[in-house]
Amino acid sequence: MQQIDSSFTALPLRELADASLSRARELGCTHADLRVERLRTQNISLRDARLESATDGEDAGLAVRVVHEGTWGFAAGMALTT
């Protein structure tokens, strides 16, 4: 099994969850859930079997799903701030 590395666990996950779920509760939502994810990408470009470029990337984001007055709502973003 792959381990979760320290750069992900160093994110303010508890604070993000507390802020998101507290705000949903304040607004009268009957359900709320939060998902935080990190995506890693690697792009390799070859031409005639020769390496042209290689890049690594990493993005993080979060998504909040709520039920408010019987209707589902969804929001997502890449700014991990409280």
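So the sequence shown is numbered by the numbering used here: it starts at -13 and just counts up by one.
Glycine residues also receive a C-beta, built at the ideal position from the N, C-alpha and C atoms.
DSSP on L(-1), reduced to helix/strand/coil? Locating residue -1 in the sequence shown gives position 13, where the first residue counts as 1. The answer is helix: DSSP assigns L(-1) an H, G or I state.
Alpha carbon to alpha carbon, how far is S(-7) from D45? Sequence index remark: in the sequence shown, residue -7 carries index 7 (1-based). Sequence index remark: in the sequence shown, residue 45 carries index 59 (1-based). Their Cα atoms are separated by approximately 12 Å.
Inspect the CB distances between the stretch 11 to 19 and the stretch 47 to 59 and report whether three or more fall short of 8 Å. yes
Is it right to say S6 is buried, meaning 16 or more other beta carbons lie within 10 angstroms of its own, or is it exposed? Position 20 of the sequence shown holds residue 6. Under this definition S6 is a buried residue.
Any idea if L32 is buried or exposed, counting beta-carbon neighbours within 10 angstroms, 16 or more meaning buried? In the sequence shown, counting from the first residue as 1, residue 32 sits at position 46. Per the 10 Å Cβ criterion, exposed.
Could you name the residues of the same chain whose beta carbon sits closer than 6 Å to that of L25, not counting the 5 residues immediately before and after it, in chain order? Position 39 of the sequence shown holds residue 25. Closer than 6 Å at Cβ, skipping near neighbours: D45.
Nearest CA to the CA of Q28: which residue from L(-1), G43, R9? The residue labelled residue 28 in the question sits at position 42 within the sequence shown. Q28 has its Cα closest to that of G43, out of L(-1), G43, R9.
Relative to the C-alpha of E1, which candidate in A35, L48, V52, E55 has its C-alpha closest? Looking up residue 1 in the sequence shown gives position 15. The option with the nearest alpha carbon to E1 is L48.
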